[in-house]
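Residue numbers (our numbering): 466 to 688.
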């Protein structure tokens, strides 16, 4: 999260972000990102969420300009963002809880149909939220998430939060140096594009048994 209380996509922190099964976060090749902060969050039984105090994430470069909030542009049609690995309903679809999934995000220049690869200043990231726009911890989505350039790997997908409360949605965010799209723009400008939101569907959803319906061994009275 930055000073403007905006969620910072994990792809803006480093070129490779890994959360392993021991809940250890590993960042490789850090990006310049001053005055951000983060915290560890854990949800117990999908009912109570606990969090650590905020820690500071402060990586500066040779020069740091004031932050100007930039939201993904959906009116700028020069670039479209597509995701492979989703079904026709725009969902990550798996058979059961614990399955894995892999997505690939691709930004494409519409006029030339040329893909924008994660090089030369182009950064790919992923943003997750509850459907009511509140931020969601990635630990509620999968056991581990791994990003590498334009790819996202989800290992051990969790039960959909929607089965016991709010559901989640995600999207791919792409940061592009402005001059690669419009040479008349400043070399310091950046354009941001986003994919449509997608959701997660687990075919065999977990069921919760009502304790009052669980049979208790014994005999009926009078026998």
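Glycine included, each C-beta is placed from N, C-alpha and C at the ideal position.
Local Cβ density within 10 Å of residue i, reported as buried at 16 or more and exposed below that
i: residue 663; result: buried
i: residue 474; result: buried
i: residue 669; result: exposed
i: residue 585; result: exposed
i: residue 615; result: buried
i: residue 538; result: exposed
i: residue 533; result: Any reading at residue 533 must be qualified, since the residue scores a pLDDT of 47, below 50, and its modelled position is unreliable; the value itself is stated next. When all chains shown are included, residue 533 counts as exposed.
i: residue 575; result: exposed
i: residue 509; result: exposed
i: residue 501; result: buried
i: residue 542; result: exposed
Opposing strand residues paired with residue i [DSSP bridges]
i: residue 543; result: In the DSSP output, where bridge partners are listed per residue, residue 543 has none listed.
i: residue 538; result: 658
i: residue 643; result: BP columns for residue 643 are empty, so no partner.
i: residue 570; result: 548
Whole-angstrom C-beta distance between residue j and residue i, which should lie under 8 Å
i: residue 657; j: residue 536; result: 7 Å
i: residue 665; j: residue 622; result: 7 Å
i: residue 624; j: residue 667; result: 7 Å
i: residue 644; j: residue 652; result: 6 Å
i: residue 587; j: residue 641; result: 5 Å
Residue i beta carbon near the ligand SAH (any heavy atom closer than 6 Å)
i: residue 490; result: As presented, the structure is devoid of all ligands, the ligand SAH included, so that no description of it is given.
For residue i, the first and last residue of its enclosing beta strand (DSSP E)
i: residue 521; result: 520-524
i: residue 611; result: 607-613
i: residue 554; result: It is not in any beta strand (DSSP E) - residue 554 carries neither H nor E in the DSSP assignment.
Are three or more beta carbon pairs between the stretch 587-595 and the stretch 548-563 nearer than 8 Å? no
Specify whether the stretch 513-524 and the stretch 533-547 touch according to this definition: at least 3 beta carbon pairs, one from each stretch, less than 8 Å apart. The answer is no - the stretch 533-547 does not touch the stretch 513-524, with fewer than three Cβ pairs under 8 Å.
Should the stretch 561-581 be regarded as contacting the stretch 599-618, the criterion being three or more beta carbon pairs within less than 8 Å? Of all C-beta pairs linking the stretch 561-581 to the stretch 599-618, three or more are shorter than 8 Å, placing the two stretches in contact.
Three or more C-beta pairs under 8 Å: does that hold for the stretch 479-495 against the stretch 601-612? yes
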